[in-house]
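Residue numbers (our numbering): 207 to 501.
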Amino acid sequence: MMKNKTSIILLVMLCLFMPSCEKISSEDSPSAQGEDGVNVTFRVSTYTLSPLGVSARRVRAEVGEVCSRISYAVFDGDNKLKAVNQVVGDDGFGTLSLTLPLGTYRFVVIAHNGLGNATITSPDKIAFSSNKCTDTFCYYQEVSITEDVAIDVTLKRVVALVRFIVEDPIPSDVAQMKFYYIGGSSTLDAMSTYGCVNSKQTEYRDVDDEMRQGGGTFDLFTFPHAEKDTLKMTVTAMTSDNQIVQERTFTTVPVVKNSVTQYSGKFFGSSDDEGDLDVHFEVDTTWVQLSKYFY
């Protein structure tokens, strides 16, 4: 009798055990294959970046020398799967590793100098903290992932820079310069690498004692809507209680992606002559200066 009871118990245990083994079999489970995905590594190239003020030559610069933040985003169609932000000083800044199932994905990488992280809602709409535009580099690519892969990210500068130089002494009662400009964008389309909204951009720059001697330099950024675009810019010298000391408007400030437009002259004079404009530009790797004299 004891022997029969033991046999029955063993038979029940065997029946319970066998289905469990079949359940965890990766070969037979339709969802198990590719479940862990493949390894994808992004490596930001260094030789594509150039610091401000460098013209007409390639410069090998680490990404941390020209940008303080990097944002990565992975899209499966229109669905954002993952977003990662890095700040200069983080371990592995400029490199990202992740695991993805086999498939085709859209990748966006944004390197910039904003005070906060970029918000990548979709590849064609990237916003920045407080809508402030800084020196910005972009990568967008659709990639079919079939195996472990390392992707060398070639970043391209996507902003235009307006450099405003006040050559005459700045009066002692001027505390800051206000720059209000329209015609550009503070939001980026990574797919086209151009601006995608019509922005009203305002920047304030404090005036220090060194600037008062002449040669005060102010850098302003925007995303052009096309390869060549124009801004309307109003520049106002203001006291600490927002009284206007001098104000001048420049109606057709040319901006070119990856180029510097330089306005320089005696701002506190009375001339409205914007002078002649000599335009040169080169894309991808260097800042190229466009000169404009306003005296």
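Glycine included, each C-beta is placed from N, C-alpha and C at the ideal position.
Contact between the stretch 368–383 and the stretch 335–354 is absent, with fewer than three C-beta pairs closer than 8 Å. With fewer than 16 other beta carbons inside 10 angstroms of its own, Val293 counts as exposed. Cβ contact annotation for Tyr278 (same chain, cutoff 6 Å, sequence separation greater than five): Val290, Leu302 and Val315, in chain order. Beta-carbon to beta-carbon, Gly471 and Thr428 are separated by about 21 Å, too far to satisfy the 8 Å threshold. Restricting attention to beta strand (DSSP E) runs no shorter than 3 residues, the stretch 383–422 encloses them at 406–412, ordered along the chain. In this structure, Ile388 keeps its C-beta atom at 9 Å or more from the C-beta atom of Met417. When DSSP states are grouped into helix, strand and coil, Val364 belongs to the coil group. For the set Arg249, Val250, Val466 and Val244, the Cα lying nearest the Cα of Ala366 is the one of Val466. For Val359, no alpha helix (DSSP H) segment is defined; the enclosing uninterrupted segment is the beta strand (DSSP E) at Val355 to Val359. In this chain, Gly298 is not harboured by any beta strand (DSSP E), its DSSP state being neither H nor E. Per DSSP, Val244 lies in no alpha helix (DSSP H) segment; the continuous beta strand (DSSP E) that holds it begins and ends at Val244 to Val250. Leu361 is classed as buried because its beta carbon has at least 16 other beta carbons within 10 Å across all chains shown. Thr393 counts as buried, since no fewer than 16 other beta carbons sit within 10 angstroms of its beta carbon. The residue among Pro430, Phe474, Gln419 and Ser398 with its C-alpha nearest the C-alpha of Ser405 is Pro430. Membership of Glu271 in the alpha helix (DSSP H) is indicated by the continuous run Val269 to Val272.
Closest option to Glu453, judged by alpha-carbon separation, among Asn319, Lys288 and Gly475: Gly475.
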